Amino acid sequence: MTYQAPVGEMQFLLNTVLGAPRLAETERFAEATPETAEAILLEAAKLTQDVMAPLNWGADQQGAVLENGVVRSSPGFVDAFRAIAEGGWVGISGDPQWGGMGLPFTLNTCVNEMMSSSCLALGLNPLLTQGQIEALEHHGSDMLRDLYLPKLNSGEWTGTMNLTEPQAGSDVGALRSRAESNGDGTYAVSGQKIYISWGDHDMAENVCHLVLARLSEGGPGTRGISLFLVPKIIPNEDGKLGVANSLRPISLEHKMGLHGSPTAVMEYDRATGWLVGEPQGGMAAMFTMMNNARLGVGVQGLGIAEAAYQKALAYALERKQGKVPIEGGTGTILDHADVRRMMMTMKALTSMVRAICLDCALSLDMARAGEGDDWATRAAVLTPIAKAFGTDVGCEVAETGVQVHGGMGYIEETGAAQYYRDVRVATIYEGTNGIQAMDLVGRKMMDGGVGIRALLDEVRDTVAAGEAAHPELGDDLRRAHEAVSDATKGLLEAAEMNDRFAGSVPYLRAFGLTLGGHYLLKGALADGNADRLALARFALRQLLPEVPALCRVAVEGAGDLYALDADALAS
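Residue numbers (numbering that gives the first Met the number 0): 0 to 570.
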């Protein structure tokens with residue numbers, strides 16, 4: 000069984016559960032009708048199934064290499080990226096003023112899921128470029144936008160972001176890269192950056208780097224950081240490529256997975272760059288790109304979960320081992336209760352994450368369309384949940400997929416292990432999942448939890464509808480809703496912020512599971528489909544009972560975490 004894009008499930012969520020047709024009622028996205036969405040999704044399915052998916056295994060076996068200062072991509076990637084670029088998929092949400100398609104980020108999110116499922120290593124490249132496009136649209140000068148955005152939207156040039164240094168990971172304020180004015184509107188950027196995905200390659204004619212660096216007048220910490228656009232090849236005013244810039248990839252990381260995606264150590268030696276945004280305003284500009292990327296990374300977790308589920312299901316339907324006397328059995332391991340438990344869990348969790356990610360994307364689009372600040376607040380709350388819960392689930396489902404394969408899952412040739420190896424980094428980059436959880440209970444509660452409570456109110460409405468139609472399921476969701484509501488109150492009342500942080504990870508997972516149950520039940524109630532109802536029942540009765548226990552841990556505070564000092568931990 001090869002990858003099949005879940006277009007029907009995406010359409011059901013968009014049209015029936017999330018209310019995405021309202022996008023076409025806005026002036027900005029008037030052309031994004033359900034008919035247009037269907038056409039886009041079907042074309043994306045063809046690209047990802049027929050062009051990208053066949054490259055996934057080969058890219059793992061023969062990854063990108065650095066030869067004589069130039070990165071050579073995995074076999075087939077050059078032609079596949081050309082198909083991506085020529086199809087307009089890089090600039091799908093870009094502003095038409097600079098060559099983008101101007102479609103909602105919601106549709107882009109569906110396409111990114113398909114790309115992540117089919118070949119995550121390759122799909123990373125356009126995702127990074129899309130983030131750079133958004134950052135330049137918001138913070139670039141007219142000159143930078145006019146020169147760079149048409150090339151980025153077309154896929155002729157690609158983009159990266161350069162934050163991390165050996166001594167400055169999540170603590171970006173510790174970076175040492177410097178920038179000096181050249182006196183002509185350009186800057187000389189110097190420093191070394193690590194973990195730069197797609198930092199160099201041979202698939203496009205230019206690679207454009209967004210680099211965080213400190214001006215000489217910039218103070219310490221994050222407030223002194225500025226952002227610069229530093230191209231591999233300096234373009235002339237007419238957009239044609241000129242001379243090579245003073246930068247280079249000095250090595251590629253040897254990674255656990257994602258072998259087809261070159262992760263470079265980049266060196267800048269007085270490389271020519273242009274300021275993006277205001278001096279010392281680098282973090283504000285970069286966060287535009289990072290917030291885009293955080294949802295995108297959550298979608299990577301979703302994409303791998305879907306692909307791992309499909310592969311495990313195909314194996315379970317063909318592997319014969321033992322017999323189970325059940326009516327209507329398949330005669331394969333899918334008949335075994337534990338295998339069914341794993342498959343149902345994989346399917347339910349994947350469906351939950353898809354709904355959360357698409358709801359987040361829809362909220363971002365409604366905010367961009369000027370439909371009110373409530374949408375922006377909603378998106379801000381959903382973003383850390385989509386990133387952290389999405390990538391946690393990606394890892395869980397991929398790991399379970401290995402287990403479904405039994406001993407064969409541990410053999411690389413089956414491809415099951417590749418999904419786990421590829422997705423594992425997603426819980427780490429763009430802010431570790433612990434940082435996402437801290438953001439949820441910290442920054443996203445600074446308003447007293449307005450956005451969080453609004454989401455919980457929506458869950459409460461589904462509880463009421465569920466209790467009217469299926470009392471036992473509504474009751475299951477009600478218990479989860481009450482637990483998260485009580486935990487929210489407890490965290491808001493915590494005397495010390497560190498007590499909030501101590502419970503942030505279990506709180507975020509509890510919230511993700513509760514939202515996921517809400518979407519599944521809402522969908523089942525919407526069309527009365529027996530299969531949807533069965534999946535919702537499984538999730539509510541066998542996954543959501545975890546929520547009250549998680550919420551109890553969430554409000555325990557930090558005391559127990561520090562009960563052992565460093566010496567005791569080492570003994």
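Don't be surprised by glycine CBs; every beta carbon is placed ideally from N, CA and C.
Since this is a predicted model, take the numbers as computed values, not measurements.
If you compare the alpha carbons of Met282, Val6, Leu13 with that of Gly522, the shortest gap goes to Leu13. According to DSSP, residue pairing for Trp97 in a beta bridge does not occur. Within a 10 Å sphere around the beta-carbon of Tyr409 sit fewer than 16 other beta-carbons, which makes this residue exposed. Within the DSSP secondary-structure output, Glu179 pairs in a beta bridge with Ala187. Annotation: the continuous alpha helix (DSSP H) that includes His138 extends over 104-138.
Gly139 and Val275 have their alpha carbons spaced roughly 5 Å apart.
The DSSP-derived three-state label of Ser153 is helix.
Asn205 carries a strand assignment under DSSP once its states are collapsed to helix, strand and coil. The alpha-carbon of Met100 is positioned some 30 Å away from that of Tyr518. Non-local beta-carbon contacts of Leu520 in its own chain, meaning distances under 7 Å to residues more than five positions away in sequence, involve Thr461, Gly465, Leu472, Leu476, Ala535, Leu539 in chain order.
Residue environment for Leu119: buried (at least 16 other C-beta atoms within 10 angstroms of its C-beta). Each residue's CA atom was taken as its position, placing Asp485 and Val554 some 9 Å apart. Rounded to the nearest whole angstrom, the CA to CA distance from Ala284 to Glu481 is 38 Å. For Asn14, the three-state secondary structure derived from DSSP is helix. Around Arg144, the same chain offers Trp97, Leu135, Glu136 as residues with beta carbons nearer than 8 Å, after the five sequence neighbours per side are excluded.
Taking 3 residues as the shortest admissible run, the segment 42-91 contains the following complete beta strand (DSSP E) segments, listed from N- to C-terminal end: 64-66, 69-71. The alpha carbon of Cys207 has as its nearest neighbour, out of Tyr194, Pro230, Val188, Gly220, the alpha carbon of Pro230.
Here Ile427 carries a coil assignment [DSSP, helix/strand/coil].
Look at Gly223 here: in three-state DSSP terms it is helix.
Just measuring C-alpha positions, the residue of Ala29, Asp59, Ser153 sitting nearest Ala416 is Asp59. For Tyr267, the enclosing beta strand (DSSP E) has its first and last residue at 262-275.
In this structure, the straight-line span from the alpha carbon of Leu148 to that of Thr108 is close to 20 Å. Spanning the alpha carbons of Tyr194 and Gly241 requires a straight line of approximately 27 Å. Distance check between Arg213 and each of Gly400, Leu162, Ile249, Arg377 places Leu162 closest, using alpha-carbon atoms only. Using a 10 angstroms sphere on the CB of Glu317, the tally of other CB atoms stays under 16, which defines it as exposed. By the Cβ neighbour-count rule, Pro324 is exposed, with fewer than 16 other Cβ atoms within 10 Å of its own. At the C-beta level, Ile303 and Asp391 stay beyond 8 Å of one another. Taking all protein chains shown into account, Asn290 has 16 or more neighbouring C-beta atoms within 10 Å of its C-beta and is therefore buried. In the DSSP assignment, Gly158 forms a beta bridge with Cys207. A straight line joining the alpha-carbon of Met343 with that of Phe537 spans about 8 Å. Using a Cβ distance threshold of 8 Å, Gly190 and Tyr267 count as a contacting pair. Within the segment 418-474, the runs of alpha helix (DSSP H) at least 4 residues long that lie entirely inside it are, in chain order, 432-440, 449-468. When the Cα atoms are used, Thr399 and Val546 turn out to be separated by approximately 21 Å. The residues Leu301, Ala304, Glu305, Tyr308, Val392, Val396, in chain order, have a CB closer than 8 Å to that of Thr349 in the same chain once the five nearest residues on each side in sequence are set aside. Excluding the 5 residues flanking it on each side, Trp197 has same chain C-beta neighbours closer than 7 Å at Leu123, Asn124, Leu127, Thr157, Thr159, Ser260, Pro261, in chain order.
With 16 or more other Cβ atoms inside 10 Å of its own Cβ, His469 counts as buried.
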